[in-house]
Amino acid sequence: MLKVINTYKCKDGRVRAYCRDKNNKAKVISYPRILMEESLGRPLEPYEDVHHVDKDTDNNSMGNLEIINHGVHQKLHASKYFDKQAICEVCKKPFIWTSERQRLYYIDLRRGRHRIISCSRECSGRYGRQEQLGRDPLAECGLNGET
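Written as structure tokens, this is what we have:
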């Protein structure tokens, strides 16, 4: 087991512990991880993460900590996008813009691809066809919201 020498709070708000192992080698480890290892009486596996149930990193009570698979933990905290209402740029109708479609939209934008926010494949196709013909896609064929 590790011997905790000191604990401190990082810029990201999480508590870290300065420790020494049985060979007197210095290590810096997440303090909640040390608490969980002491509680279980065994070291955590590399694929195990300690998750704060209430999302408050200051609350390191054992009731607030749980072991979770690393991949699941990453997915849990990687949710940048949430379903929200948007307006179609082609037909101007409101629709639910799903988190998955938002993710793909922003990936394409970062890759330099021109994308529009559209409610359906039909609207997207109508927009794309007008663009292929060299016309102003939103002004041609009633695509300016007057469908």
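The UniProt record's numbering puts the first residue of the sequence shown at 1, with every later residue one more than the last. Ideal Cβ placement from N, Cα and C applies to all residues, glycine included.
Which first and last residues belong to the alpha helix (DSSP H) in which Lys-75 is found? 70-77
Out of curiosity, what's the CA-to-CA distance linking Lys-93 and Ile-87? 6 Å
Report the option in Trp-97, Val-15, Val-90 and His-52 whose CA atom is closest to the CA atom of Gln-74. His-52
Between which residues of its own chain and Pro-127 is the CB-CB distance below 6 Å, once the five residues before and five after are set aside? Note that residue 127 is Tyr in the sequence shown, not Pro. Counting only Cβ-Cβ distances below 6 Å, and skipping sequence neighbours, we find Val-90, Ile-116 and Pro-137.
For Tyr-106, does the count of other Cβ atoms within 10 angstroms reach 16, so buried, or fall short, so exposed? exposed
Whole angstroms are fine: how far does the CA of Gln-132 sit from the CA of Asp-56? 51 Å
When the Cα of Tyr-18 is compared with those of Lys-25, Cys-10 and Ile-5, which residue comes out closest? Ile-5
Alpha carbons only, please: which of Glu-38, Ser-118, Phe-82 and Leu-104 is nearest the one belonging to Ile-67? Glu-38
Residue interval of the alpha helix (DSSP H) (run including Ser-123): The sequence given here has Cys at residue 123, not Ser. Run containing Cys-123: 121-132, per the alpha helix (DSSP H) assignment.
Cross-strand partners of Cys-19 (DSSP beta bridge): Val-4 and Lys-27
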